[in-house]
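Student: Top to bottom, those sequences are chains A and B. Residues 1 to 190, numbered by this note's numbering, are exactly what the first sequence covers, in order. Residues 1 to 568, numbered by this note's numbering, are exactly what the second sequence covers, in order.
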Amino acid sequence: MSGDAGPAGGSGISRREAIRRAALLAGVALSPEWLSFAAQSQAPAAKTYLTAAQGAIVSAAAERILPRTDTPGAIDAGVPAFIDRMYGEVMTPVEQKLLIAVVDEIDAAAKAQGGSFAALPAAQQDAVLRGVAAAQQGRQPASFELLRQATILGYFTSEPVGKNVLHYDPVPGAYDGCVPIDQVGRRNWT
Amino acid sequence: MFVQGSGTAQQTYDAIVVGSGISGGWAAKELTEKGLRTLVLERGRDVKHPDYPTAMMESWQFAGRVRQSRADAARQEKQGRTGYTTHPASAHWFVDDVENPYGEVKRFDWMRGYHVGGRSLLWGRQSYRWSDLDFEANARDGHGVDWPIRYKDISPWYDYVERFAGISGSRDGLAQLPDGQFLPPMAMNCLEVQVKERIARAFGGRAMIIGRAANLTQPHNGRGGCQYRNRCIRGCPYGAYFSSNAATLPAAYATGRLTLRPFSIVTEVIYDPKTGKATGVRIVDAQTNQTTEYFARVIFLCASAIASTFILLNSKSDRFPNGLGNDSGELGHNLMDHHFLVGANGVSDDFGDRFYKGQRPNGIYIPRFRNLDAQSRQKDYVRGFGYQGSASRENWARGIKEMTAFGADLKADLIAPGTWRFGIGSWGECLPYHENRMFLSTALRDKWGLPTVTFDCGWKTNELSMRKDMMNSAAEMLEAAGLKNVTPFDNGSAPGLCIHEMGTARMGREAKTSVLNGWNQVHAAPNVFVTDGACMASASCVNPSLTYMALTARACDYAVTEVKKRNL
Numbered sequence: 001m002s003g004d005a006g007p008a009g010g011s012g013i014s015r016r017e018a019i020r021r022a023a024l025l026a027g028v029a030l031s032p033e034w035l036s037f038a039a040q041s042q043a044p045a046a047k048t049y050l051t052a053a054q055g056a057i058v059s060a061a062a063e064r065i066l067p068r069t070d071t072p073g074a075i076d077a078g079v080p081a082f083i084d085r086m087y088g089e090v091m092t093p094v095e096q097k098l099l100i101a102v103v104d105e106i107d108a109a110a111k112a113q114g115g116s117f118a119a120l121p122a123a124q125q126d127a128v129l130r131g132v133a134a135a136q137q138g139r140q141p142a143s144f145e146l147l148r149q150a151t152i153l154g155y156f157t158s159e160p161v162g163k164n165v166l167h168y169d170p171v172p173g174a175y176d177g178c179v180p181i182d183q184v185g186r187r188n189w190t
Numbered sequence: 001m002f003v004q005g006s007g008t009a010q011q012t013y014d015a016i017v018v019g020s021g022i023s024g025g026w027a028a029k030e031l032t033e034k035g036l037r038t039l040v041l042e043r044g045r046d047v048k049h050p051d052y053p054t055a056m057m058e059s060w061q062f063a064g065r066v067r068q069s070r071a072d073a074a075r076q077e078k079q080g081r082t083g084y085t086t087h088p089a090s091a092h093w094f095v096d097d098v099e100n101p102y103g104e105v106k107r108f109d110w111m112r113g114y115h116v117g118g119r120s121l122l123w124g125r126q127s128y129r130w131s132d133l134d135f136e137a138n139a140r141d142g143h144g145v146d147w148p149i150r151y152k153d154i155s156p157w158y159d160y161v162e163r164f165a166g167i168s169g170s171r172d173g174l175a176q177l178p179d180g181q182f183l184p185p186m187a188m189n190c191l192e193v194q195v196k197e198r199i200a201r202a203f204g205g206r207a208m209i210i211g212r213a214a215n216l217t218q219p220h221n222g223r224g225g226c227q228y229r230n231r232c233i234r235g236c237p238y239g240a241y242f243s244s245n246a247a248t249l250p251a252a253y254a255t256g257r258l259t260l261r262p263f264s265i266v267t268e269v270i271y272d273p274k275t276g277k278a279t280g281v282r283i284v285d286a287q288t289n290q291t292t293e294y295f296a297r298v299i300f301l302c303a304s305a306i307a308s309t310f311i312l313l314n315s316k317s318d319r320f321p322n323g324l325g326n327d328s329g330e331l332g333h334n335l336m337d338h339h340f341l342v343g344a345n346g347v348s349d350d351f352g353d354r355f356y357k358g359q360r361p362n363g364i365y366i367p368r369f370r371n372l373d374a375q376s377r378q379k380d381y382v383r384g385f386g387y388q389g390s391a392s393r394e395n396w397a398r399g400i401k402e403m404t405a406f407g408a409d410l411k412a413d414l415i416a417p418g419t420w421r422f423g424i425g426s427w428g429e430c431l432p433y434h435e436n437r438m439f440l441s442t443a444l445r446d447k448w449g450l451p452t453v454t455f456d457c458g459w460k461t462n463e464l465s466m467r468k469d470m471m472n473s474a475a476e477m478l479e480a481a482g483l484k485n486v487t488p489f490d491n492g493s494a495p496g497l498c499i500h501e502m503g504t505a506r507m508g509r510e511a512k513t514s515v516l517n518g519w520n521q522v523h524a525a526p527n528v529f530v531t532d533g534a535c536m537a538s539a540s541c542v543n544p545s546l547t548y549m550a551l552t553a554r555a556c557d558y559a560v561t562e563v564k565k566r567n568l
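What follows is the structure, given as structure tokens:
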């Protein structure tokens, strides 16, 4: 099979054009394109592993770690469902305990401020998270760090972000080792 | 259960090749093209090009994104030791450690791919010729036994396999790293070019070259050119890097003389004391557990450095109570691998307005510069090392390292390309030591009730002394290249982790001290050839696969000549 003329190469051209069109939408807040991806990734999972209360804290915390701006936030990117699945199917027992520990810490810190974390205004949620992170400074391993890392991982490996926030080019076809950055955009490659 | 088929005729071929990886694929191609009806026995499942299930998948299509499930990880505890092999995109190419156990007197990381194509689907594709610096090394410093061949013996075979496989690279005129039959080289990126120039200036012309890789920079022999996806380890639907599946096996099939039998675990070579030759091999069918024998005039063991030697050790007879061809007592010994995971990295403030386009499946290479001559001789160690590396702009994964930061600014920052970073890691030569070995264990059995391999292998003073220089020289070069925050590292690496295991059935000039002769023939069973990593008498510091290809093609040519002369 020839990569230039073969079936995969041939279909790659039109696919790349489609991707380029899609990429133009990146940065346009709330574009229908990525909203539909977000909807897909938020579709109810067959199974959830965290309790509803734990899931609500994870979801709200993830959204403060990577909030919606002119680009999707953690919830748009399906991060809460990703972390739930990681917890249930992927994380080691040590990581599972850390995740529950940080959820409990966030919960306790929020209640000390007089409410459930998910219901607090964003500024207060940030203050709670900063407090939890500060209290863990120097702790090894730090449970807040696990939640933060899982959020970043889930966000940047998600479909809405991979396709419409980062620069998506699954079949580049060529390599140029030194191009003006404005020619390709100030975004990392997916 | 022993089941013999309907007579030996249907189980008789001109040649049998055990294994379908880099060496076995070449043996299949060469033997069939030269007219021999050839049976290839592969212990794993069939994999037909271009059926690579994860090749076109994106991160979000894997359940755990970048990690396999706890349940899957539990079955690949040892295969996961590299940190990359059991990524969900490639885990299916690595064995189930529960079904395929092995023992470790000392830690040994044995990464295996049991399927048609073997590790030719998974390899790093770096392809370098050895030079006489390597072939003369044992004779010069007295470690191991002298190689029975020199560069002039293998050079035309390097030409031959390079022309077919397609190796991209630049011609650099280096005595220690001979040029070959190259396709156009891949390009360096902005920072790599700068570092190259600065290293040359600071160290009297020391070379930094683009990696010589079995990745096609243009369509070649019916295979497609590289698409710069850097997803090679998943299998390439374009056939743009060399693998048995995309290159040698299709050529062998095209002759009409290839029979490939998957799920065939070769347990032993059958030896006839009357003729002094092997008559065939015995297999266990991995699915039915049935035992069958196949017969041929020549047998090529290309099952990997460890598996080919396993078969020989397990082939016991009155003539060979310690394993076929083991008169020297060296079978299973002199196990080597490259030691690595030592080097340095640093960052650059330059090129903030530059980026790259495409994912290059290759890096840079700094060829060996130690112990080449009197001037570069080291007092603490013999042999040498090279470096592989690359420059790139940091991606979102840098956010994983910045403790505690969160919020809108973090997100915006991680979407944008980060700092330029340049890193090199060193691959060092390991000496052949008799006491570094693998042996059979009958106490630990695999899923099929077969004996297993146990490893007893470790680095010694020469490797450990070399590592200090590997780290310090890396930092010295990066400092001289003007990089900032230069950080040396030595993460340590257990033997095996480099996946360059070799040396367990070494070639040599004398039957007393080696297993194979200069044509890769078992001294005491001349119709048995071993042409994979097992045959290596020393390790060099360069990646070995290209040398296995050349040795295999050379041995096949010799074997067919001998068959036609009726000497075999």
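Even for Gly, the Cβ is constructed at its ideal location relative to N, Cα and C.
Using a beta-carbon distance below 8 Å, is phenylalanine 117 of chain A in contact with chain B?
Tutor: no
Student: Determine the direct distance from the alpha carbon of methionine 336 of chain B to that of alanine 142 of chain A, and round the result to whole angstroms.
Tutor: 40 Å
Student: Can you grab the Cα-Cα spacing for the pair alanine 550 of chain B / asparagine 334 of chain B, in whole Å?
Tutor: 22 Å
Student: According to a CB-to-CB cut-off of less than 9 Å, which residues of the stretch 127–160 of chain A neighbour chain B?
Tutor: Among the residues of the stretch 127–160 of chain A, those with a Cβ less than 9 Å away from any Cβ of chain B are Leu129, Arg130, Ala133, Ala134, Gln136, Gln137, Ala142, Phe144, Glu145, Arg148, Gln149, Thr151, Ile152, Leu153, Gly154, Tyr155, Phe156, Thr157, Ser158, Glu159, Pro160, in the order of the chain.
Student: Against leucine 166 of chain A, what residues of chain B qualify as contacts under a CB-to-CB distance less than 9 Å, listed in chain order?
Tutor: Asn395, Trp396, Ile415
Student: Of all the CB atoms in chain B, is at least one closer than 8 Å to the CB of isoleucine 75 of chain A?
Tutor: no
Student: Can you give me, in chain order, the residues of the stretch 170–190 of chain A that have a beta carbon less than 9 Å from any beta carbon in chain B?
Tutor: Pro170, Val171, Pro172, Gly173, Ala174, Tyr175, Asp176, Gly177, Cys178, Val179, Pro180, Ile181, Asp182, Gln183, Val184, Gly185, Arg186, Arg187, Asn188, Trp189, Thr190
Student: Just how far apart, CA to CA, sit aspartate 70 of chain A and serine 304 of chain B?
Tutor: Roughly 54 Å separates the two Cα atoms.
Student: To be precise: take each residue of the stretch 372–401 of chain B, compare its Cβ to all Cβ atoms of chain A, and keep it if any distance is under 7 Å. Which residues remain?
Tutor: Asn395, Trp396, Gly399, Ile400
Student: What residues from the stretch 323–356 of chain B come within 7 Å of chain A, judged by C-beta to C-beta, listed N to C?
Tutor: Asp353, Arg354, Phe355, Tyr356
Student: Thinking just about the alpha-carbon of each residue, which of B/Tyr158, B/Asp72, B/Lys78, B/Glu104 is nearest to the one in histidine 92 of chain B?
Tutor: B/Asp72
Student: Which one of B/Met186, B/Asn100, B/Val522 has the shortest CA to CA distance from phenylalanine 300 of chain B?
Tutor: B/Val522
Student: Within its chain, find whatever has a CB closer than 6 Å to the CB of valine 58 of chain A; leave out the 5 residues flanking it on each side and keep chain order.
Tutor: Here the set comprises Pro80, Ile83.
Student: What are the start and end residues of each continuous beta strand (DSSP E) run of 3 or more residues lying completely inside the stretch 335–370 of chain B, in chain order?
Tutor: 342–348, 354–357, 364–366
Student: Using only the alpha-carbon positions, how far apart do tyrosine 49 of chain A and glutamate 89 of chain A sit?
Tutor: 9 Å
Student: Residues of chain A with CB closer than 9 Å to the CB of alanine 187 of chain B, please, in chain order.
Tutor: Tyr175, Asp176, Gly177, Cys178
Student: Please confirm whether methionine 403 of chain B has its beta-carbon closer than 8 Å to some beta-carbon of chain A.
Tutor: yes
Student: Quick one: which residues of the stretch 189–201 of chain B get their C-beta closer than 8 Å to a C-beta of chain A? List them in chain order.
Tutor: Asn189, Cys190, Glu192, Val193
Student: Here's the rule I'm using: 16 or more other beta-carbon atoms within 10 Å means buried, otherwise exposed. How should alanine 110 of chain A be labelled?
Tutor: That one is buried.
Student: Using 8 Å as the threshold, is the C-beta distance between glycine 363 of chain B and glycine 211 of chain B below it?
Tutor: Going by beta carbons, glycine 363 of chain B and glycine 211 of chain B fall inside the 8 Å limit.
Student: Within this structure, are the beta carbons of alanine 543 of chain B and glutamine 126 of chain B separated by less than 8 Å?
Tutor: A quick correction: the sequence has asparagine, not alanine, at residue 543 of chain B. The answer is yes: Cβ separation under 8 Å.
Student: Near alanine 118 of chain A, which residues of its chain fall below 6 Å by C-beta distance, leaving aside the five closest residues on each side in sequence?
Tutor: Ala56, Ala60
Student: In whole angstroms, give me the CA-to-CA distance for alanine 112 of chain A and alanine 135 of chain A.
Tutor: Approximately 15 Å between the Cα atoms of the pair.
Student: Is tyrosine 387 of chain B helix, strand or coil when you go by DSSP?
Tutor: strand
Student: From glutamine 359 of chain B to asparagine 230 of chain B, what distance separates their C-alpha atoms?
Tutor: 5 Å
Student: Tell me where the beta strand (DSSP E) around leucine 41 of chain B begins and ends.
Tutor: 38–41
Student: Ordered along the chain, which non-local residues of its own chain (more than five positions away) have a Cβ less than 6 Å from that of arginine 195 of chain A?
Tutor: The requested residue 195 of chain A is not part of the displayed model; chain A covers only 1 to 190.
Student: Under three-state DSSP, which class holds leucine 24 of chain A?
Tutor: Legend: pLDDT at leucine 24 of chain A = 28, less than 50; position of this residue unreliable, no value from coordinates given.
Student: Residues in its own chain within less than 6 Å of glycine 496 of chain B by CB, not counting five upstream and five downstream?
Tutor: Phe108, Asp109, Trp110, Asp337
Student: Does the stretch 463–476 of chain B come into contact with the stretch 48–65 of chain B, if we say contact requires no fewer than three beta-carbon pairs (one atom in each stretch) closer than 8 Å?
Tutor: no
Student: With 8 Å as the threshold, decide whether the Cβ of tryptophan 420 of chain B is near any Cβ in chain A.
Tutor: no
Student: Could you have a look at alanine 39 of chain A and say whether DSSP puts it in helix, strand or coil?
Tutor: Per-residue confidence for alanine 39 of chain A stands at a pLDDT of 41, beneath the threshold of 50, marking its modelled position as unreliable; the derived number appears in the next sentence. Of the three classes helix, strand and coil, the one that applies to alanine 39 of chain A here is helix, per DSSP.
Student: Could you tell me which whole alpha helix (DSSP H) segments of length 4 or greater appear in the stretch 73–136 of chain A?
Tutor: 79–85, 93–112, 122–135
Student: Would DSSP call aspartate 169 of chain A helix, strand or coil?
Tutor: Of the three classes helix, strand and coil, the one that applies to aspartate 169 of chain A here is coil, per DSSP.
Student: Put tyrosine 13 of chain B into one of helix, strand or coil per three-state DSSP.
Tutor: coil
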